[in-house]
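Those sequence lines, one after another, are chains A, Y, Z and B. Read in order, the letters of the first sequence are residues 3 to 301 in this note's numbering. Read in order, the letters of the second sequence are residues 3 to 301 in this note's numbering. Read in order, the letters of the third sequence are residues 3 to 301 in this note's numbering. Read in order, the letters of the fourth sequence are residues 3 to 301 in this note's numbering. For each residue, glycine too, the CB sits at the ideal point set by N, CA and C. Scroll down for the structure; my scribbles are underneath it.
4 protein chains.
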Amino acid sequence: MPTLGQNQYGKAECRVVRITRNGATHHIKDLNVSVSLSGDMDEVHYSGSNANVLPTDTTKNTVYALAKEHGIESAESFGIHLARHFVTSQESISRARIRIEEYAWERIETAEADEAQHSFVRKGQETRLTQITYDGERWEVVSGLKDLTVLNSTDSEFWGYAKDKYTTLPEAYDRILATEVSARWRFDWADGERPMPDWDASYAQARVHLLRAFAETYSLSLQQTLYQMGSRIIDNQDEIDEVRLSLPNKHHFLVDLEPFGLKNDNEVYVAADRPYGLIEATVLRDGHEPRIPVDLPNL
Amino acid sequence: MPTLGQNQYGKAECRVVRITRNGATHHIKDLNVSVSLSGDMDEVHYSGSNANVLPTDTTKNTVYALAKEHGIESAESFGIHLARHFVTSQESISRARIRIEEYAWERIETAEADEAQHSFVRKGQETRLTQITYDGERWEVVSGLKDLTVLNSTDSEFWGYAKDKYTTLPEAYDRILATEVSARWRFDWADGERPMPDWDASYAQARVHLLRAFAETYSLSLQQTLYQMGSRIIDNQDEIDEVRLSLPNKHHFLVDLEPFGLKNDNEVYVAADRPYGLIEATVLRDGHEPRIPVDLPNL
Amino acid sequence: MPTLGQNQYGKAECRVVRITRNGATHHIKDLNVSVSLSGDMDEVHYSGSNANVLPTDTTKNTVYALAKEHGIESAESFGIHLARHFVTSQESISRARIRIEEYAWERIETAEADEAQHSFVRKGQETRLTQITYDGERWEVVSGLKDLTVLNSTDSEFWGYAKDKYTTLPEAYDRILATEVSARWRFDWADGERPMPDWDASYAQARVHLLRAFAETYSLSLQQTLYQMGSRIIDNQDEIDEVRLSLPNKHHFLVDLEPFGLKNDNEVYVAADRPYGLIEATVLRDGHEPRIPVDLPNL
Amino acid sequence: MPTLGQNQYGKAECRVVRITRNGATHHIKDLNVSVSLSGDMDEVHYSGSNANVLPTDTTKNTVYALAKEHGIESAESFGIHLARHFVTSQESISRARIRIEEYAWERIETAEADEAQHSFVRKGQETRLTQITYDGERWEVVSGLKDLTVLNSTDSEFWGYAKDKYTTLPEAYDRILATEVSARWRFDWADGERPMPDWDASYAQARVHLLRAFAETYSLSLQQTLYQMGSRIIDNQDEIDEVRLSLPNKHHFLVDLEPFGLKNDNEVYVAADRPYGLIEATVLRDGHEPRIPVDLPNL
Numbered sequence: 003m004p005t006l007g008q009n010q011y012g013k014a015e016c017r018v019v020r021i022t023r024n025g026a027t028h029h030i031k032d033l034n035v036s037v038s039l040s041g042d043m044d045e046v047h048y049s050g051s052n053a054n055v056l057p058t059d060t061t062k063n064t065v066y067a068l069a070k071e072h073g074i075e076s077a078e079s080f081g082i083h084l085a086r087h088f089v090t091s092q093e094s095i096s097r098a099r100i101r102i103e104e105y106a107w108e109r110i111e112t113a114e115a116d117e118a119q120h121s122f123v124r125k126g127q128e129t130r131l132t133q134i135t136y137d138g139e140r141w142e143v144v145s146g147l148k149d150l151t152v153l154n155s156t157d158s159e160f161w162g163y164a165k166d167k168y169t170t171l172p173e174a175y176d177r178i179l180a181t182e183v184s185a186r187w188r189f190d191w192a193d194g195e196r197p198m199p200d201w202d203a204s205y206a207q208a209r210v211h212l213l214r215a216f217a218e219t220y221s222l223s224l225q226q227t228l229y230q231m232g233s234r235i236i237d238n239q240d241e242i243d244e245v246r247l248s249l250p251n252k253h254h255f256l257v258d259l260e261p262f263g264l265k266n267d268n269e270v271y272v273a274a275d276r277p278y279g280l281i282e283a284t285v286l287r288d289g290h291e292p293r294i295p296v297d298l299p300n301l
Numbered sequence: 003m004p005t006l007g008q009n010q011y012g013k014a015e016c017r018v019v020r021i022t023r024n025g026a027t028h029h030i031k032d033l034n035v036s037v038s039l040s041g042d043m044d045e046v047h048y049s050g051s052n053a054n055v056l057p058t059d060t061t062k063n064t065v066y067a068l069a070k071e072h073g074i075e076s077a078e079s080f081g082i083h084l085a086r087h088f089v090t091s092q093e094s095i096s097r098a099r100i101r102i103e104e105y106a107w108e109r110i111e112t113a114e115a116d117e118a119q120h121s122f123v124r125k126g127q128e129t130r131l132t133q134i135t136y137d138g139e140r141w142e143v144v145s146g147l148k149d150l151t152v153l154n155s156t157d158s159e160f161w162g163y164a165k166d167k168y169t170t171l172p173e174a175y176d177r178i179l180a181t182e183v184s185a186r187w188r189f190d191w192a193d194g195e196r197p198m199p200d201w202d203a204s205y206a207q208a209r210v211h212l213l214r215a216f217a218e219t220y221s222l223s224l225q226q227t228l229y230q231m232g233s234r235i236i237d238n239q240d241e242i243d244e245v246r247l248s249l250p251n252k253h254h255f256l257v258d259l260e261p262f263g264l265k266n267d268n269e270v271y272v273a274a275d276r277p278y279g280l281i282e283a284t285v286l287r288d289g290h291e292p293r294i295p296v297d298l299p300n301l
Numbered sequence: 003m004p005t006l007g008q009n010q011y012g013k014a015e016c017r018v019v020r021i022t023r024n025g026a027t028h029h030i031k032d033l034n035v036s037v038s039l040s041g042d043m044d045e046v047h048y049s050g051s052n053a054n055v056l057p058t059d060t061t062k063n064t065v066y067a068l069a070k071e072h073g074i075e076s077a078e079s080f081g082i083h084l085a086r087h088f089v090t091s092q093e094s095i096s097r098a099r100i101r102i103e104e105y106a107w108e109r110i111e112t113a114e115a116d117e118a119q120h121s122f123v124r125k126g127q128e129t130r131l132t133q134i135t136y137d138g139e140r141w142e143v144v145s146g147l148k149d150l151t152v153l154n155s156t157d158s159e160f161w162g163y164a165k166d167k168y169t170t171l172p173e174a175y176d177r178i179l180a181t182e183v184s185a186r187w188r189f190d191w192a193d194g195e196r197p198m199p200d201w202d203a204s205y206a207q208a209r210v211h212l213l214r215a216f217a218e219t220y221s222l223s224l225q226q227t228l229y230q231m232g233s234r235i236i237d238n239q240d241e242i243d244e245v246r247l248s249l250p251n252k253h254h255f256l257v258d259l260e261p262f263g264l265k266n267d268n269e270v271y272v273a274a275d276r277p278y279g280l281i282e283a284t285v286l287r288d289g290h291e292p293r294i295p296v297d298l299p300n301l
Numbered sequence: 003m004p005t006l007g008q009n010q011y012g013k014a015e016c017r018v019v020r021i022t023r024n025g026a027t028h029h030i031k032d033l034n035v036s037v038s039l040s041g042d043m044d045e046v047h048y049s050g051s052n053a054n055v056l057p058t059d060t061t062k063n064t065v066y067a068l069a070k071e072h073g074i075e076s077a078e079s080f081g082i083h084l085a086r087h088f089v090t091s092q093e094s095i096s097r098a099r100i101r102i103e104e105y106a107w108e109r110i111e112t113a114e115a116d117e118a119q120h121s122f123v124r125k126g127q128e129t130r131l132t133q134i135t136y137d138g139e140r141w142e143v144v145s146g147l148k149d150l151t152v153l154n155s156t157d158s159e160f161w162g163y164a165k166d167k168y169t170t171l172p173e174a175y176d177r178i179l180a181t182e183v184s185a186r187w188r189f190d191w192a193d194g195e196r197p198m199p200d201w202d203a204s205y206a207q208a209r210v211h212l213l214r215a216f217a218e219t220y221s222l223s224l225q226q227t228l229y230q231m232g233s234r235i236i237d238n239q240d241e242i243d244e245v246r247l248s249l250p251n252k253h254h255f256l257v258d259l260e261p262f263g264l265k266n267d268n269e270v271y272v273a274a275d276r277p278y279g280l281i282e283a284t285v286l287r288d289g290h291e292p293r294i295p296v297d298l299p300n301l
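Structure (structure tokens):
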């Protein structure tokens, strides 16, 4: 009989919006929460007995109930509440993994400043991410972001590369460098007894480090830029031990305008879709082991 | 033999990025341009003779060449250059329609302010839109935006509606109202001899009017909010005669927490995907005829 | 005060699956239904009074209730039931437009033929479409399909076209021609007293005519192929008076392998994404007026 | 200084279409190929020296050149050619991972059977997948599929599950069970000296086993169905040692028609989008170690 290997289950993509009212001033948290539970689940796979299976519908209900009971201070703290709940309340569940996407909103400015403290426009830039894993003893928190698109219109070169018989690319001494940052960083916080990092402050810092390292690096290759981005976080944020980056090279090709008698002095580019270079790497605090998987999940 | 009706052709989704260098300070324009040409095109449909057909590949080349020759001051002015070029330079082409999507970027703030005037992060909020139509005599400019998501966490009610035997909805006296604004507005500018509006200033104003009207309207129905949003533009922007809005009602349902012994005092909502209410209407300057189609194109 | 122009509202994208059991043999219909209602709706826009507004939630309920009461014989007949219901049952509603997407399923073949007459796999090819409009007197039925991707690996040329100073395209005497068909066709059935066409048979015929006309036309331009596709329907299906086609030219470029000492004898192509040629036209039965809008809606 | 961990790079999503002509009968292969290379790449990350970096543009060229030189017999065999090429021809590259998506086409049937042997319509059902990894010694081939949507309209129950204070789900004794299959299976072929499996025959068999196991299992939980699907492959295909399945529970909820005086006898369902249950597990040949990652990559 075939063996059952790693397995997990739960409700994915529970969309929860939490409004907090501070007098006339409202605050909003907008999350997409996915729950994955593991434990003593052999029987349901082999025979269909659900005795150990808390329904995915219940895991969904729990997301909404805990949003009421605990509020949502940050994505990370909310995920910690959820993971602890499942592992400590269900004997058959020994491990919980909570993934959260967070969508940022900003206030709509109205004519009278005090008028519309309940009106928001979605920021629409990057999506903030976190993944909380708990096995009853150790915590692992991996946060990050995706869909943050950045571009340098100069200070990027690419030359001196290896060549073989299929190489036709001309060397470039002044090119556009653009990418859509997908990043994950792992916190050193693993012991629930220790005080937690300030999750929101840490996120804000990591985001700035990524942006500034991208902007401030004179780039000879996207790999070099990637390493600088990851290092900036490791060097400046003691609470983070590992960063994984997946950087598609969003090619902007200089258009050949010579057939039309025009000179293109790094002015007109075509933004290409596919194919794209894809540069991926892990940057680690010295002496630490990597734990973030090679393939970053989309959700 | 079947008759040929309205027809048009051209290259769609030409992605052009234009960098302008002002010393060390760079500026970026990022457009997605679609060209549709009409004219004396019966023969190519009936017999396949391409004698009157300027290739779509040429229309693509023209987008890039004109980006160099004229620069891109605004999406609207660039579309006007393109439409004029096609109609005046090709005898067989009597009408050109140029559609443009524009993606906004903002500067990355670096440690030293003067350091990275060539580094950008995509703003990622709404997409700006314009459509230029020219038949050799009259111009029609319809601009707008899509994917601007807004939410009021209070000041919205829905009650007193018609009921039939399929009605089960309870009346609501304090609900979330959220939508993803898709708007188009038509300029009164039609005579190429007249001075053009300030396209960028007009766009900025219309965007603010939409946001503020949404925020400042105490809403008894999304239709009422829609009319206020359109009216705000018509009342304040003389250069615009018609507004069409397509507003999906992005439902946020209050979660029933009573089964868990919890009271949900307008705090925890589920953000639903489908189905969604869809409210669409045109708001016109008095005495003007509508010209924007009922179905807003996606591109 | 600004004038209210055309307006409509309703619930969009109601996903309804209808199972019919014929003994152990089950049948499935899988639809995505969008309702748009118009009528005496000025007041809700001007003042927010909902007295004439049947809630969009009710229109959703009606979709599910009528799926039970009438069954779903075809997308068109179901849309006709819905449109008639809204216009005849609500005094304030004078016009209904029902749009339906239909997803096809086929049976999973099992070891014992009689075993699994309730198991289906989604066909996943084109999406069938229909739009029913009713104003209490006249019916308009426009059906069609989208996302049907076809390719001819030969029998396509493109040469003899107009050239200007921006033309660089070399002429082609044997190229791949590929497109993703989006088609709409309008039925002559408008009088509810007349017998309806056989909607399913008509759809099956139109689909075959589109595919065969694409395959059997030796093409000198995509416009010529388009006209043949539309004409094939008009010539063979008396119940249809108008066809509108939107055909993106899904470019397949021959890869230049000469730098590698290889000859590419129409063997290796790159399938490009953007930009793409876009060819759109209406083909009409002689003497009839066009009614399908120039821009085909996405839904 | 932060340490560089796992890293890889290459060109992603190279779209290659290969036409093979057998007289008037053409054959088509339509792939999306992504290359990831690893090796002696520290320097490019630390200093930006590209001396060891074969450009991603070259890896793209290689995809097209090898499509000419070797043809595309199957996605797997083509990926093996590519991986071997990179590892054996570049000293700095010690490991190659090739991911391929394959889109299936079927012939358009024309009036005269011999007429259009060069006309195709995209099948549009599942996407076939493979991933080839080669480190110069061992091969790993993981194939699979995604986006295969299946539905049983009966023979599914869900009851007897664990309950806590957040459980409200009623037990179900006859429900729709639907999912969108994402599957990966790992071949035992690792030694390049051994004869390869018949990749196409193996794929066809695995696809049938997944479909039939889904259809033929009377299901008490989706976990049980998943295990049956994986076991069917392991039990019947000696060349496969491990299967990983990711099965979203595409919920079809019975609509409550009682408020309208109607009885819903398992006839009318709403197909829900989010949230969805997500059931994931590995099924292994007894005595083998799992190697497919827990999170299946999207590409």
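Would you say residue i reaches chain Z, if we count a Cβ-Cβ gap shorter than 8 Å as a contact?
i      : result
D193/B : no
Y136/Y : no
S121/B : yes
By DSSP's criteria, residue i is part of a beta bridge. Which residues make up the other side?
i      : result
Y271/B : V19/Z, L256/B
F160/B : A174/B
Can the beta-carbon of residue i be found less than 8 Å from the beta-carbon of residue j?
i      : j      : result
P299/A : Y278/A : no
V19/Y  : D32/Y  : yes
G232/B : S51/A  : no
R109/Y : F122/Y : yes
Q225/B : I281/B : yes
Y175/B : E159/B : yes
L259/Y : Y66/A  : yes
G7/A   : T284/B : yes
From the beta carbon of residue i, is the nearest beta carbon of chain B less than 8 Å away?
i      : result
D59/Z  : no
R276/Z : no
Starting from residue i, trace the beta strand (DSSP E) in both directions and tell me its first and last residue.
i      : result
F122/Z : 121-124
A98/A  : 95-104
Output yes if chain Y places a C-beta closer than 8 Å to the C-beta of residue i; else output no.
i      : result
V245/A : no
Closer than 8 Å, CB to CB, is residue i near chain A or not?
i     : result
R86/Y : no
What are the residues of the region 278-298 of chain B that lie near chain A, defined by any Cβ-Cβ distance shorter than 7 Å? Listed by position along the chain: Y278, G279, L280, I281, E282, A283, T284, V285, L286, R287, D288, P292, P295, V296, D297.
Between the region 147-168 of chain Z and chain A, which residues of the former have a C-beta closer than 9 Å to a C-beta of the latter? Residues K167, Y168.
When you check each C-beta in the region 252-267 of chain B against every C-beta of chain Y, which residues fall closer than 7 Å? Cβ contacts with chain Y: P261, F262.
Using a Cβ cut-off of 8 Å, which residues of the region 45-78 of chain Z contact any Cβ in chain Y, in chain order? Those would be V46, H47, Y48, S49, G50, S51, N52, A53, N54, V55, L56, P57, T58, D59, T60, K62, N63, T64, A67, in chain order.
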